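Residue numbering for the sequence shown follows this note's numbering, starting at 100 and increasing by one per position.
From the three backbone atoms N, C-alpha and C, an ideal C-beta is built for every residue, glycine too.
Remember, it's a predicted structure, so these values are computed and weren't measured experimentally.
Structure, as structure tokens:
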Amino acid sequence: MTQFLAFLAVLSISLGIINLLPIPVLDGGHLVYFAVEGLLGRPLPEKVMWLGQQFGIVFILLLMGLAFYNDFLSLLS
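Rendered as structure tokens:
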């Protein structure tokens, strides 16, 4: 039972850290948007935010595809 709780703790901390990465789809990306808006003193244009979100989604999908490909290759070898 202790090992299971330790696993859950590590999993929770890992997901929290990943969520803070500065990728626009994740919470860290929103923090970057807030910081840039604070530095500029005005809101970012909607098109810039939309492009950032699209980039973030594509980046996360590429990372997921790379992880799947790596796992698939390790199963074959």
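Asked	Found
Cβ separation of E136 and L143, assumed to be a contact under 8 Å, to the nearest whole Å	6 Å
DSSP three-state assignment for V109, whether helix, strand or coil	helix
V196, enclosing alpha helix (DSSP H) - first and last residue	Nothing can be reported for residue 196, as the shown portion of the chain is limited to 100 through 176.
Run of the alpha helix (DSSP H) containing G137, from where it starts to where it stops	126-139
Whether G155 touches I117 by CB criterion (9 Å)	no
G140 burial status per 10 Å Cβ neighbour count (16 or more: buried)	exposed
Supposed contact pair V124 and Q152 - C-beta distance, whole angstroms, cut 8 Å	6 Å
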